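Colleague: Numbering-wise (our numbering), the sequence shown opens with residue 1169 and increments by one. Glycine residues also receive a C-beta, built at the ideal position from the N, C-alpha and C atoms. Predicted, not measured: the structure shown is a model, and the values here were computed from it. I have a structure I would like to understand better, so I am pasting it below and will then ask my questions one at a time.
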Amino acid sequence: MTRSDFNRRDVLKGVGAVGATAALGGLSGLAQAQAPITVGFIYVGPRDDYGYNQAQAESVAQVKKLPGIKAIEEENVPETTGVQKTMQGMIAQDGATLLFPTSFGYFDPHMLAVAGKNPNVRFAHCGGMWTEGKHP
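Written out as structure tokens, the structure is:
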């Protein structure tokens, strides 16, 4: 393959799909036997930005095809306390039990703050910043 066979969008889409599959893969058998698992995805910009957010959104479109998964999405959420409100709303109003905030700026302090208040909700982040024993 030549360098021209790859583009940034395809790479991001692949990385997003792998991350979402890794986060949800172990849940698919469980999901078939129980009520749907509600997963919240949060984007810092529009889902159709021809970049990072779109790659994530295209991955979510694949996740939505999995049995027993209900995916909810929110776009254009700033890296401020506004994302904490969005996460808390997905938990309280939509019943999300897994949240996947996609922006690096969501992790610390926002995702960590909400995770500390919601021990029964799983949080996943594609940035690889979570450290066992350090983060909730």
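With DSSP run on the structure shown, which of helix, strand or coil describes residue 1298?
Modeller: Three-state DSSP puts residue 1298 in coil, outside helix and strand.
Colleague: Apply the 10 Å Cβ neighbour rule to residue 1296 and answer buried if 16 or more other Cβ atoms are within range, or exposed otherwise.
Modeller: Exposed, because fewer than 16 other Cβ atoms sit within 10 Å of the Cβ of residue 1296.
Colleague: Does residue 1247 come out as helix, strand or coil in the three-state DSSP assignment?
Modeller: Of the three classes helix, strand and coil, the one that applies to residue 1247 here is coil, per DSSP.
Colleague: Leaving out five residues on either side along the sequence, give the residues of the same chain with a beta carbon under 8 Å from the beta carbon of residue 1288.
Modeller: Contacts found: 1265.
Colleague: Buried or exposed for residue 1250, please, with buried defined as at least 16 other CB atoms from any protein chain shown within 10 angstroms of its CB.
Modeller: By the 10 Å Cβ count, residue 1250 comes out exposed.
Colleague: If distances are taken between C-alpha atoms only, which option among 1243, 1284, 1209 and 1254 comes closest to residue 1216?
Modeller: Checking every option, the nearest Cα to that of residue 1216 belongs to 1243.
Colleague: Which word fits residue 1248, buried or exposed, when buried means at least 16 other C-beta atoms lie within 10 angstroms of its C-beta?
Modeller: The residue in question, residue 1248, is exposed, as its Cβ has fewer than 16 Cβ neighbours within 10 Å.
Colleague: Compute the distance between the beta-carbons of residue 1284 and residue 1269, then report whether it is under 8 Å.
Modeller: No; because the gap between Cβ atoms is not below 8 Å, this pair is not in contact.
Colleague: Cα-Cα, which of 1207, 1235 and 1299 is closest to residue 1276?
Modeller: The option with the nearest alpha carbon to residue 1276 is 1299.
Colleague: Nearest CA to the CA of residue 1239: which residue from 1281, 1259, 1218 and 1245?
Modeller: Considering only alpha carbons, the answer is 1259.
Colleague: Can you say whether residue 1274 is buried or exposed, counting buried as having 16 or more other CB atoms within 10 angstroms of its CB?
Modeller: Answer is buried; the Cβ neighbour count reaches 16.
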